[in-house]
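**Q** Residue 53 in UniProt numbering sits at position 53 of the sequence shown, and the numbers go up by one each step. To start, I am sharing the structure in question, which I have written as structure tokens.
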Amino acid sequence: MVLSSNEKRAFFRQQCREALAAHIHDRVGLVVAPSQVRLQPSAGDGYAWSVTESKKSLLQSNLGSGSVGLYRSICEELGRSLEAVTPQTLQVAQSERGHLPEKETRPTGSDEKESGSFTAKIREMECANREISSELDRTRMHLEDSLRKKNELHAETLRLQDELGGVSSRVSHLEDELVRVTGGIDKAMRVLQVYQTQDGSAPEHGDRQDESVDSMDGTMLETPPVSIRVDAS
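Take a look at the structure:
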């Protein structure tokens, strides 16, 4: 049997409504008649639609005036990029994307059925991303502080190296001066030793000369006269 265009559209619309109603019951726990399912529900309906940025166009039409292509796309994306959540969950997700303080975005209760949804996972990833961002900020501040201290230590090291260079130069000069003074002292000691040796040996030499003279004088006095005879012939 070949369906007319209107019949075909009505057929796929009914399939889409039934799929949406079953999904709402599975994710949120509400029983909604397929004929009462809406793509733009109010807060009093007890459910809302969470959709990824790239698939927002799926919610911009009404189910009653949609096309076959719309119905097919909704059924294909249901549970993947489009899912039913509580209005509170959707508000929390939107608030977190707006980077509101955590105490203002924390939900009043938890929905066990949403724990495996992509909306919940997105929220977890966004929360983890904010924590990582905060940790990176703290790490960057720590690194900047460490870099500042490193630069200060480097400057202090250079200053101490300059001072050490000056001290080393003075030490080298003092060592040279010490060598020079030590050499002068050694030379003076050698000169002093020479004078002491000369002063100590001079009297002994004089005494020996006097003794020699006295001995010679005595010998001359004790030697008998020698007679000299002249032969007249």
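Idealized CB from N, CA, C, for every residue including glycine. If you're wondering where the values come from, they're calculated on a predicted model, not measured in any experiment.
(1) Cα-Cα, which of Glu77, Ser81, Glu83, Ile122 is closest to alanine 93?
(2) Roughly how many whole angstroms lie between the Cα atoms of arginine 17 and alanine 128?
(3) With a 10 Å radius around its C-beta and 16 neighbouring C-beta atoms as the bar for buried, classify valine 51 as buried or exposed.
(4) CA-CA distance, lysine 187 and glycine 165?
(5) Would you mind sorting tyrosine 195 into buried or exposed? The rule is 16 or more other CB atoms within 10 Å of its CB.
(6) Within the segment 23-57, note down every full beta strand (DSSP E) run reaching 3 residues or more, in order along the chain.
(7) Checking the sheet assignment: what are the DSSP bridge partners for leucine 82?
(8) Taking DSSP as the reference, what is the three-state secondary structure of leucine 3?
(9) Beta carbon of glutamate 83, beta carbon of arginine 27: below 8 Å?
(10) Would you say proline 34 and alanine 48 are within 8 Å of each other, going by their C-beta atoms?
(11) Give the straight-line distance between the Cα atoms of glutamate 135 and serine 117, rounded to the nearest whole angstrom.
(12) Comparing C-alpha positions only, which one of Glu7, Ser67, Ile24 sits nearest to glycine 79?
(13) Who are the near neighbours of phenylalanine 11 in its chain, counting only those whose CB is closer than 7 Å to its CB and skipping five residues on each side?
**A** A quick look at the data gives this:
(1) Ile122
(2) 35 Å
(3) buried
(4) 33 Å
(5) exposed
(6) 48-51
(7) Val51, Leu78
(8) coil
(9) yes
(10) no
(11) 27 Å
(12) Ile24
(13) Leu3
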